Structure formats: structure tokens, C-alpha cells
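Colleague: Structure incoming, see below.
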Amino acid sequence: MTRWGIASTIKAPARDVLAFVAYHLDLGADHIFIYLDNENKKALSALRDHPQVTVTRTNGDYWRSIGKKKPDAHQPRQTINASHAYALDHGLDWLAHIDVDEYLCPTQPVRDLLSALPTDVVCARVRPAEALSTDGVDGLDPTATYCKRWIGTEHSRIELERTFYPNFGGIRRSGFVSHSVGKIFIRAGLPNLRFRIHRGTQDNVEIGPRQVLEHIELCHMHIKSWDDWQKIFDYRLTKGSYRSSLKSDRKLGLGGMSLHDLFTFLIDDGGEAALRNFFEEVCLARPELIKQLRHHDLLSVFHLDLDTKRRKHFPEFS
């Protein structure tokens, strides 16, 4: 039987950490490696005795034990930790590296989908579906998470993007504010394997063969609400996924623009109002966008039921 697991470096409230773990245990994950990137006594206490979880507090002792200096940026900390988990022997056949705001959403059991891959495939990619904010939108199921899907090559991408987002379409692939490439599972047993954020390498060469897992979407809850986005916006702009060192996911000649350049332009040109206009057009589950996405079969609706699953797997947490 194919065994699979997840590695994740997390700096989040204990409730969110446990919801993430519980959801994926409920999905059938055989083992989950959690690297706590800050002091989180509640999460540590709840996780450390769970037989299917290895929880590590990444303090100075941890970094000394693996012989590395703690990187200042969180991205290399994530990849080092995922690579560390990969090297541990827990009898897994596949390991995925995802974040605390990402949830695997398969239409079939994950182990069956991984089992069906050709034996020479060592990397399996999961395409993202970016969650839309439902903040203040009437007429939607309050228990559901509404996501815009990744637009595949069978569609005219830029044309659809401009239909969905009249003012901002064509700038970002699929109209995503977050990454559009998804995350990966890597088959166990590869020597000198190093996880990267969206890929894996051996001796700085990307591993292959690779294949997309068509029956799993990665629900990415990148923006939950306007208020939530504002709280984390400055950090993302300077150190996170909107930082200046990241390039556009679309060539500039085709109308692409990096998120850093886009958001800096909006702020300089129109301040908070311009940023709010972007949010309401691109990130909000407004009725017209939901209708258009559904018409083109590019709307996914997930019922994650996180609180119920957290209570099921961690009943003593409060």
C-alpha cells in the first residue's frame, strides 16, 4: 500500500496548525512533519504525542543539530526543513511540501492516485486553486470555500482572464495573486534530494520525470478577507510572496508584471483605494465572477470542514 506524507514549516496560531494537520490526517496522510518556526507551546503540546506526527521546534538547538546557520528568510528555512523531513525514515513512498494555508483536495484517495503513477515518475505536481474571499458577499454557502481554478492550456488564458477581470486580467496567470505553479510530491529514496518551494533538485538539477496529478487540486487560502490581507500585506511586499526579487509569472512582452511592481504602482497611483479596487475585482467572490467561472468550469467549491476535523483529531485542544 502506498504511504504518503506532508512536510510543512509553520508560523501560525495553534488552532490553524492543528486544523491543517487534522484535515490531512482525515484525508489519509500516513505521517505529517511539522516544523514550528516560532514558539508555539499549544501546538507543540497537542502534536508531540500523536503517533502520525513528528513535530520539531526549529530553535537554535535544532539548527545546530543539523549543522546549519538559521537563514534569515523563511523560504530557505522551509526548503531546508522539507529536505530534512525527506531524509528521515518513516516508511513513506511520497512526501509533499505544502504550507499551512494550503489544503489538498482530491476527487479520489491520494494513495490511489500516487499508486497509479508510472514507476519512473519521481515528481508529481498538484495544480493550485486560489480561494476567493467571501467577505460581505451574500447568497453563498457559508460552509464552502470558493476557488478559481488554474486555467489550463486548453483555454485561451489571457482572453479568459480579461473577461473575468476587466481591469487586471492578463497580468497574472489565471488571475492568481499567489503562485500559479502549485506544489509537488516527491517519491522517496532519491539520493541528495533537496526540496525547493515548487520543485525538487539533485545536485542543483531539477528532478524528473514529472507528472501532474489531475485529480487533486491545492486549495490555497492566500487571501481570506480585506482586513486579513491588510495585516500581512507589508510583510509579503518586503519579505514574502510579493517581494521585489520575484519575477512575473508571465513574460513582460505579454503584459505580465511582478506582484511587487503591480502593488507598488497601485499604491503610488491611488493608495489604499486602488488596492481595494484590485481586491474587489480579483480576490472577491463577487456574483458576476462566480457566474463566469462556473460557466467556464473554472470554479471549484470545497467543503474543508476544518473545525470539525480539528475537534475529531485533537478533542482536548481548546
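Take the sequence shown: its position 126, counting from 1, is numbered 126 in UniProt numbering, and each next residue is one higher. Cβ atoms here follow ideal geometry from the backbone N, Cα and C, with glycine treated the same way. For clarity, every value in this text was computed on a predicted model and none was experimentally measured.
1. Taking 8 Å as the threshold (C-beta atoms), are L113 and I223 in contact?
2. Can you tell which of A274, L254, I151 has its C-alpha closest to the C-alpha of E214?
3. When every heavy atom of the ligand PLP is checked, does at least one fall within less than 7 Å of the C-beta of S45?
4. For M257 and E159, I'd like the C-alpha separation in whole angstroms.
5. Between which two residues does the alpha helix (DSSP H) carrying S45 extend?
6. Would you list the residues sitting across from T308 in a DSSP beta bridge?
7. Tell me T126's beta-bridge partners as DSSP assigns them.
8. Check whether the region 25-44 touches the region 7-14, taking contact to mean three or more Cβ pairs, one atom from each stretch, closer than 8 Å.
9. Whether or not the region 165-174 and the region 137-157 are in contact is what I'm after, with contact meaning three or more pairs of Cβ atoms, one per stretch, closer than 8 Å; do they touch?
10. Under the DSSP definition of a beta bridge, which residues are partnered with W4?
11. By Cβ distance below 7 Å, which residues in the same chain neighbour F314 in space, the five residues on each side in sequence not counted?
12. Measuring straight from C-alpha to C-alpha, what distance separates T107 and Y235?
13. Quick check on Q230: does DSSP put it in helix, strand or coil?
14. Measuring CB atoms only, is the region 195-208 touching the region 136-147, in the sense that at least three cross pairs come out at less than 8 Å?
15. Between L117, L132, M1, which has its C-alpha nearest F185's C-alpha?
Modeller: In this structure, then:
1. no
2. I151
3. In the structure shown, the ligand PLP is absent, as is every other ligand, since no ligand is present at all.
4. 17 Å
5. 41-47
6. DSSP output for T308 lists no bridge partner at all.
7. The sequence shown places Val at residue 126, not Thr. Answer by DSSP bridge pairing, in chain order: K183.
8. yes
9. yes
10. W94
11. L18, A22, A46
12. 35 Å
13. helix
14. no
15. L117
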